[in-house]
Amino acid sequence: MHPLKGANSSILCIEDNEKHLLLRRFVLEKNGYSVLNAATALEALALLRKFPVSLVISDHLLAGITGTELAVDLKKIQPHVPILLYSGAAPETLGSVDCFMSKTEPVETFLAMVRDLVHRYLQDVA
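Counting from 0, one number per residue, gives the positions in the sequence shown under numbering that gives the first Met the number 0.
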């Protein structure tokens, strides 16, 4: 199954580790997605206000905030966008996050989850 391509499949990636952020962007773009990168919560919120996305992928432990805390603010901007917490540290609760995936999962599993979340989002907004 190929990822959905085009302007409606943009993904916002939030990660404060630059190497992880660049690697994630490379993998997603190689699979046909348009990617916006944010290294901080403030940058992520600004990008989400400016650009509609089909999925948000966030690390859990960010500078000064957790991914689950940030998800609450992200949902205020785009309430229906799915949020995937992709992290080495599992949260105690998901809250506004739609799903969690460990960074130790194979890239194929990660891409399958991304495809599923983007597909469901695009069906919901169609």
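Even glycine gets a Cβ: it sits at the ideal position worked out from N, Cα and C.
Beta-carbon proximity list for residue i, same chain, < 7 Å, skipping 5 on both sides
i, result
"Lys102", "Tyr85, Ser86 and Gly87"
"Asn36", "Cys12, Leu20 and Arg24"
Counted within 10 angstroms of its Cβ, other Cβ atoms place residue i as buried (16 or more) or exposed
i, result
"Ala62", "exposed"
"Val52", "buried"
"Val143", "Since the displayed the chain opens at 0 and closes at 125, residue 143 lies outside it and no answer follows."
"Val96", "buried"
Whole-Å CB distance - residue i paired with residue j, under 8 Å assumed
i, j, result
"Leu116", "Pro81", "4 Å"
Neighbourhood of residue i by C-beta, 8 Å cutoff - its chain only, sequence neighbours within 5 removed
i, result
"His79", "Tyr120, Asp123 and Val124"
"Ala6", "In this predicted model, Ala6 has a pLDDT of only 42, less than 50, meaning its place in the structure is not dependable enough to derive any value."
Start and end residues, beta strand (DSSP E) containing residue i
i, result
"Ala37", "Ser33 to Ala37"
Element boundaries [alpha helix (DSSP H), containing residue i]
i, result
"Glu28", "Glu17 to Lys29"
Close-in-space but distant-in-sequence residues of the same chain around residue i (CB under 6 Å, 5 per side omitted)
i, result
"Cys98", "Leu83"
Restricting to runs no shorter than 4 residues, where is the alpha helix (DSSP H) found entirely within the segment 47-112?
Assignment of alpha helix (DSSP H) within the segment 47-112, counting only whole runs of 4 or more residues, yields 66-76 in chain order.
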